[in-house]
Amino acid sequence: MIIGAHESASGGPYRAVERAVDDGCESLQLFTKNNNRWEQRMWNDEEVERFRESYEESPLEGLMAHSSYLINPCSQSEETITKSRAAIADEMTRCQKLGIPYLVVHPGNHTGRGVEEGIELIAENIQRVFDEADEGWPDVTLLLENTAGQGTSIGYRFEHLAEIVERLDDRERFGVCFDTCHAHAAGYDLTERESYESVWEEFDRVVGLEWLEGFHLNGSQHKLDSRKDRHDQIDAGEIGLDTFRWLVNDARFEEMPAVVETPPLEDGEPSFERNVGMLKELRE
């Protein structure tokens with residue numbers, strides 16, 4: 338695995354590269370815009386070039402972006418759906434400009450529509466983004482992230498991800514990003530060696546390992562099948578270091594970008610450098 342962290346792009350996207358290098362990262366995930374706003378100005382040519390140069394001159398080898406948390410292509414609100422389509426298109430364009438190959442997106446929250454209708458709407462609206470794009474659509478792979486199953490979120494079962502992808506045309510433009518905290522909260526037990534292997538056998542059978550493109554490596558504050566999305570440090574919480582040792586040494590996941598999104602430490606200090614270093618030390 339190419340181990341790194343989700344770094345802040347405050348001050349310009351190139352600053353995320355600097356922060357990643359300072360934290361000992363090998364890979365980087367960042368927001369390409371404010372994650373809690375629908376609209377933001379596009380990066381200018383100088384900002385784009387500075388990011389590209391910073392990344393090329395750095396030791397980093399993996400790069401992903403995470404989409405806005407506002408995006409929900411299966412909302413009860415048609416206005417939110419329309420804004421979500423526009424936001425996905427905008428963020429993929431931002432990734433293209435910055436040279437980021439992957440954009441991670443949460444599938445959505447059905448907000449009362451039900452899972453099946455939600456899955457249909459997610460696929461329909463993602464497909465519409467691609468269908469309405471001009472020629473020369475960004476060469477960016479959209480990664481659906483598995484979810485914890487909190488509230489009305491879709492994506493907490495592997496079947497949800499598979500059903501969405503199966504409804505999409507040009508499937509090579511899509512993939513999956515696997516979050517360990519979310520999987521644990523959704524009831525996928527990675528904490529024992531036998532169950533760890535069973536989870537990956539199930540993923541391969543239902544989704545297909547060929548669709549897996551990246552990881553979020555996070556501990557979980559809550560127990561298995563809690564359906565609560567609360568990240569923890571790598572060596573704390575309910576998952577345990579063994580799971581992360583198996584993951585970083587799993588030959589199936591070699592060369593995949595894997596980033597931590599861990600909360601601050603108890604003293605309020607950032608946790609990324611500590612957790613990235615710990616994961617790297619688990620390599621055998």
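Sequential numbering of the sequence shown, starting at 338, is according to the numbering used here.
All C-beta atoms in this analysis are idealised placements derived from N, C-alpha and C, irrespective of residue type, glycine included.
Here the structure is a predicted model, which means the values were calculated and not measured.
Three-state secondary structure (DSSP) of residue i
{"i": "A573", "result": "coil"}
{"i": "M615", "result": "helix"}
{"i": "M593", "result": "coil"}
{"i": "A402", "result": "strand"}
{"i": "I491", "result": "strand"}
{"i": "E610", "result": "helix"}
{"i": "A342", "result": "strand"}
{"i": "H553", "result": "strand"}
{"i": "D449", "result": "Checking the displayed sequence, the identity of residue 449 turns out to be Gly instead of Asp. Coil, per DSSP."}
{"i": "L458", "result": "helix"}
{"i": "D392", "result": "Per the sequence shown, residue 392 should be read as Tyr rather than Asp. Correct three-state label for Y392: helix."}
{"i": "Q413", "result": "coil"}
{"i": "D476", "result": "coil"}
{"i": "H559", "result": "coil"}
{"i": "L311", "result": "Any question about residue 311 goes unanswered here, given that the chain covers just 338 to 621."}
{"i": "Y351", "result": "helix"}
{"i": "V543", "result": "helix"}
Where residue i falls, given that 16 or more other Cβ within 10 Å makes a residue buried
{"i": "Q570", "result": "buried"}
{"i": "Q558", "result": "buried"}
{"i": "Y525", "result": "buried"}
{"i": "Y406", "result": "exposed"}
{"i": "L367", "result": "buried"}
{"i": "E503", "result": "exposed"}
{"i": "D566", "result": "buried"}
{"i": "L498", "result": "buried"}
{"i": "E500", "result": "buried"}
{"i": "S391", "result": "buried"}
{"i": "S404", "result": "buried"}
{"i": "N372", "result": "exposed"}
Cα-Cα separation, residue i to residue j
{"i": "A460", "j": "D604", "result": "42 Å"}
{"i": "L561", "j": "L619", "result": "23 Å"}
{"i": "V543", "j": "A485", "result": "18 Å"}
{"i": "G551", "j": "Q377", "result": "27 Å"}
{"i": "R352", "j": "E393", "result": "14 Å"}
{"i": "F540", "j": "F495", "result": "6 Å"}
{"i": "V536", "j": "E383", "result": "45 Å"}
{"i": "W380", "j": "T528", "result": "42 Å"}
{"i": "L546", "j": "R589", "result": "8 Å"}
{"i": "W375", "j": "E457", "result": "23 Å"}
{"i": "W583", "j": "E469", "result": "42 Å"}
{"i": "R508", "j": "E428", "result": "19 Å"}
{"i": "R564", "j": "I463", "result": "25 Å"}
{"i": "L365", "j": "G455", "result": "31 Å"}
{"i": "E415", "j": "L549", "result": "31 Å"}
Contact check, residue i vs residue j, beta carbons under 7 Å
{"i": "I491", "j": "P438", "result": "no"}
{"i": "L479", "j": "L440", "result": "yes"}
{"i": "M401", "j": "P594", "result": "yes"}
{"i": "F388", "j": "L435", "result": "yes"}
{"i": "E701", "j": "N586", "result": "With the chain covering only 338 through 621, there is no way to say anything about residue 701."}
{"i": "T369", "j": "S412", "result": "no"}
{"i": "A342", "j": "F515", "result": "no"}
{"i": "T419", "j": "P475", "result": "no"}
{"i": "N483", "j": "A522", "result": "no"}
{"i": "L481", "j": "V513", "result": "yes"}
{"i": "V466", "j": "R422", "result": "yes"}
Supposed close pair residue i, residue j - CB separation, criterion 8 Å
{"i": "V597", "j": "N555", "result": "6 Å"}
{"i": "I339", "j": "E355", "result": "Not quite, the Cβ-Cβ distance comes to about 18 Å (not below 8 Å), so this is no contact."}
{"i": "T517", "j": "I576", "result": "6 Å"}
{"i": "V358", "j": "P396", "result": "7 Å"}
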